[in-house]
Each structure stands twice: as structure tokens, then as C-alpha cells.
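Have a look at the structure below before the remarks.
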Amino acid sequence: MFKHFRESIFVTIFGFIAAWLWAANMHPGSEFKTLFVVFFLSVLEVTLSFDNAVVNAVVLDKMTPKWQHRFLTWGILIAVFVIRFLLPVIMVSFFSGHSIVNTVKMAFEDVARYTQYLQAAHAPLVAFGGSFLLMVALAHFIGQDNRHKWIIPIETFLAKIKVSFASPFICLFVIFVLQFFLPDEIKMQVINSGVIGIIAFEIIHGLSSRMEEAQKKQTISNVKTGGFLMFLYLETLDASFSLDGVLGSFAISKDIVIIAIGLAIGAMFVRSLTLLLVERKTLSQYVYLVSGAHFAIMMLAIIMFISIFVEISEIITGSIGLVLVGGAFISSLIENKKDPEKYIQKIV
315 MFKHFRESIF VTIFGFIAAW LWAANMHPGS EFKTLFVVFF LSVLEVTLSF
365 DNAVVNAVVL DKMTPKWQHR FLTWGILIAV FVIRFLLPVI MVSFFSGHSI
415 VNTVKMAFED VARYTQYLQA AHAPLVAFGG SFLLMVALAH FIGQDNRHKW
465 IIPIETFLAK IKVSFASPFI CLFVIFVLQF FLPDEIKMQV INSGVIGIIA
515 FEIIHGLSSR MEEAQKKQTI SNVKTGGFLM FLYLETLDAS FSLDGVLGSF
565 AISKDIVIIA IGLAIGAMFV RSLTLLLVER KTLSQYVYLV SGAHFAIMML
615 AIIMFISIFV EISEIITGSI GLVLVGGAFI SSLIENKKDP EKYIQKIV
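Number 662 marks the last residue of the sequence shown (our numbering); no jumps.
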């Protein structure tokens with residue numbers, strides 16, 4: 315197990331040293347407090363993204379070793395620098411009208427103003443993330459007769475819906491209902507962001523699925539596939555998951571460097587956990603984990619939509635995800651004990 319978390323441990327040590335040095339120069343006397351904040355942010359990131367690791371493992375298991383390696387190397391650079399640092403800067407730049415360079419200066423020199431602009435971008439950001447994640451969850455359940463159903467009544471009902479456009483229709487309906495309760499100044503921003511989230515999912519997931527099916531027809535069954543579109547799908551999924559943590563982190567710290575370090579450590583552990591799930595075939599051993607993760611994703615999407623109107627603690631969000639994924643894990647253990655021979659066969 316150590317080999318899977320070796321890089322994460324290295325990044326953690328390096329991150330703690332960097333945070334200590336940064337605090338010593340910028341906030342003398344607050345070094346230990348800073349280390350605690352970094353630790354808390356990293357744990358929060360892992361908690362919020364545990365279900366992300368499960369879904370990542372499902373997609374990653376279908377990819378070639380080359381693209382798996384690219385996701386675990388290039389992907390982590392994108393996840394840390396682009397998504398958890400640059401994306402909020404770009405959004406603040408867009409809504410404030412400042413250039414990227416001036417926005418970065420604002421993040422370091424005028425944190426209160428930067429946070430104010432980031433909060434102004436909250437509604438459209440979570441509308442995009444909520445729509446994309448809701449599409450991810452619905453695509454897993456609707457019209458799919460999954461072999462291992464965890465919450466049988468809900469999954470059976472959704473599996474009976476065979477209409478191809480059901481998922482985007484449901485998402486559009488949610489956005490349509492939301493717009494009646496939105497203030498006029500953010501109504502169009504939220505609607506546009508939500509629709510973009512739906513379109514982004516349909517394009518990326520749709521094209522990658524078609525590529526996967528085309529390759530299966532040309533080669534033997536169960537062959538691994540992969541490519542830029544699957545890579546892009548995973549990165550967009552990661553971005554959607556991280557929005558809640560990135561926005562919520564400013565309630566814990568106003569220092570953008572400390573936030574980036576904490577979230578980077580958490581993102582590394584999520585990547586390591588993903589690799590562990592893939593290499594140990596954990597998802598085939600614990601058959602309800604995938605369903606539990608997608609229910610957690612559905613709840614996260616709903617919470618994102620609700621957070622447009624009411625502030626919801628990231629601790630509550632993370633706890634709901636842990637309860638659902640943990641419940642699916644326990645249910646899988648109980649199922650394995652009922653048929654131990656079948657469980658041994660899965661491992662072998």
C-alpha cells in the first residue's frame with residue numbers, strides 16, 4: 315500500500331515545509347496554526363472527493379496504462395495548479411473585469427476584495443458543477459440495468475427509464491425551477507452556467523463513450539481503451555468536485571498560498587486512493603461501492619444547487635458523502651460474507 319501513497323507523503327512533507335516557511339515570512343508567529351489549517355484543508359479535500367476517487371477508478375480502469383500514467387502525472391498538475399488555483403482566479407477576473415495578472419496580485423495583496431469577487435462568482439460556479447455532477451449520477455442510473463443495485467427501489471425505478479434524453483431533461487427541469495427563486499442579477503448567469511455544465515457532459519462523455527465502443531468492435535472484448543477525451547472527462551469531473559472545496563476553503567483561510575497547499579495535498583491523496591482502487595480491483599470486490607459513490611455525487615449536486623441560496627458547511631457535505639460511500643462499503647462486506655466463495659473468486 316505504501317507505494318501507492320509514496321508521492322502523496324512526499325508532497326505532504328514538502329507542502330508542510332513550504333507552508334511553515336511561508337507563514338514564517340508572511341505571518342510570523344502563526345506557523346503551527348498554519349500547519350493545522352493546511353492539514354484541515356487536505357482532510358476536507360479528501361473527504362469531499364472520496365466518491366470522486368471511486369468514479370475516477372471506474373473510468374481509469376478502462377484506460378490504457380499510458381493514459382492512466384498521464385492522468386496520474388499531468389492530471390495532478392492540472393488538478394492542483396489549474397483547477398484549485400487558476401480556475402478561481404479566472405472566475406474572479408471574469409466577474410471583476412480585472413486582468414489575470416491583476417487578479418493574482420489582488421489575491422495576494424487584497425484578500426478581502428478577492429474573496430468578495432469570488433463569492434460573487436459562487437452561484438454560476440456551483441450551477442455548472444451541480445449540473446455536471448447531476449448528469450454524471452443520472453447517466454449511471456437512468457436506463458442502466460446495473461448488476462449490483464444497492465438502494466434497489468430507487469435504482470430499479472431509474473433503470474426503467476429508457477428515454478435517451480431523460481438525464482439532460484431532468485437537469486434542465488431543475489435549472490428551470492431554480493430560476494424562479496433566483497435574484498434577477500444572477501438569474502441568467504446561473505441558467506447559462508447550468509446549461510453549459512449539461513452540454514459539457516454530453517459532449518465529453520458522449521464522444522469518449524463512442525470512441526470506447528468503436529474500439530471494442532475492432533478489438534477483443536474487455537480491452538482497455540483511453541485517450542484525450544476520457545482524460546478531459548476525468549479532469550472536468552475533478553473540477554466539478556473541487557468547486558465546493560475551493561469556494562469553501564476561503565471560509566477557513568484567506569491566504570491563497572495556504573489554500574493551494576492544503577488542497578494540493580488532498581488532491582494527491584485522492585489520486586493515490588484512485589490508483590489503489592484500480593490496481594487492487596477494489597470495485598469488483600466491493601460491489602456496491604460504485605452505486606454508493608454515484609448516490610453521493612447526486613447528493614453533492616443537490617447540495618451545490620441549494621448552496622446558491624443557503625450556505626452549507628463543507629463538513630456536512632463531506633459527511634453525507636462519507637456516510638453514503640461508507641454505507642455502500644459496509645453493505646458490500648455483508649454481501650461478501652453471504653457468499654464467501656464468490657468473493658474469493660473476485661479477488662483471484
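Glycine included, every Cβ here is placed at the ideal spot set by N, Cα and C.
If we ignore side chains and look at the alpha-carbon of each, how far apart do residue i and residue j end up?
i	j	result
W336	S586	26 Å
C485	W334	44 Å
F479	V509	14 Å
I622	K651	43 Å
S646	L349	37 Å
S598	K474	24 Å
F471	G641	21 Å
T596	V425	43 Å
I489	E649	38 Å
F324	I390	14 Å
H519	I616	21 Å
G443	L496	17 Å
M613	S627	14 Å
I397	I327	22 Å
I331	I505	43 Å
S481	S344	49 Å
P467	S633	24 Å
V360	G457	31 Å
Given residue i, which residues of its chain have a CB within under 7 Å of its CB, disregarding the five upstream and five downstream residues?
i	result
E469	F455, N460, K463, S605
F364	G635, L636, V639
L255	Lying before the first or after the last residue shown, residue 255 is absent from the chain, which here runs from 315 to 662.
Suppose the cutoff is 6 Å on Cβ atoms and the five residues either side in sequence are ignored; what does the same chain contact list for residue i look like?
i	result
V592	A371, L374, D375
L590	H318
S356	G576, I579, G580
L551	none
M302	Within the shown structure, residues of the chain are numbered from 315 to 662, placing residue 302 beyond reach of any answer.
V368	L603, A607
F619	G444
Y657	Unreliable placement is indicated for Y657, whose pLDDT of 46 sits below 50; no coordinate value is reported for it.
Taking 8 Å as the limit between beta carbons, can you name the residues of its chain near residue i, skipping five residues before and five after?
i	result
Y428	V406, T417, M420, A421, I570
L548	N370, V373, L374, F385, G389
DSSP state of residue i, grouped into three classes?
i	result
R320	helix
Using 9 Å as the limit for Cβ to Cβ distance, is residue i near chain C?
i	result
S646	Annotation note: the requested chain C is absent from the structure, which comprises a single protein chain.
Ranges of the alpha helix (DSSP H) found wholly within the stretch 393-477, counting only runs of at least 4: 401-410, 414-423, 425-434, 436-455, 466-473
Every unbroken alpha helix (DSSP H) within the stretch 592-650, with a cutoff of 4 residues, ordered by chain: 596-599, 603-620
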